[in-house]
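S.K.:
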Amino acid sequence: MAISYFRMLGMTAFALLAMDFVRRSTKFGIPKEYNKVLVALFISLAAIYARSVFRTVELIEGWSGYLMEHEAYFIALDGALMVVAVLIFLPFDPAWTIPRVSRAAGKESTEMSDFSTV
């Protein structure tokens, strides 16, 4: 159960740092493409965080707890939230959403980044 608390602590620290990054970088004018990826990141983070809260409560209740004995809650609060966390990146995949910036020309190109797999 301690790992659940540690996971939530780590996710909270990540969320705070990510929000600080967004706050600081808005002063410099983030491109629209970055905003799309950041929104997807925060939606995914919220889904995973909600799942972590569910899992922590489930572990506190124990093996004979209400959440552990009712499969519908497990499917809705565990599986569905992870599906949301992953599927949000299908339309907002950073490799496709953020255009590659040409360092030599200083212009955006339509090429994909070096990290893409396609």
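Be aware that the sequence shown starts at 897, since it is given in our numbering, and climbs by one per residue. Don't be surprised by glycine CBs; every beta carbon is placed ideally from N, CA and C.
(1) May I ask you to verify whether the stretch 982 to 996 touches the stretch 932 to 951, counting CB pairs closer than 8 Å and requiring at least 3?
(2) Between Glu-959 and Met-978, what straight-line distance do the alpha-carbon atoms span, to the nearest angstrom?
(3) Tell me whether Arg-920 is buried or exposed, calling it buried when 16 or more other Cβ atoms sit within 10 Å of its Cβ.
(4) Closest by CA to Ala-898, which one among Leu-955, Ile-926, Thr-908?
(5) I want to know whether the stretch 903 to 920 touches the stretch 941 to 951 - three or more CB-CB distances under 8 Å.
(6) With DSSP as the reference, label Gly-961 as helix, strand or coil.
M.R.: Reading it off the structure:
(1) yes
(2) With the sequence shown as reference, residue 959 is identified as Trp, and Glu is not the correct amino acid for it. Roughly 22 Å separates the two Cα atoms.
(3) exposed
(4) Leu-955
(5) yes
(6) coil
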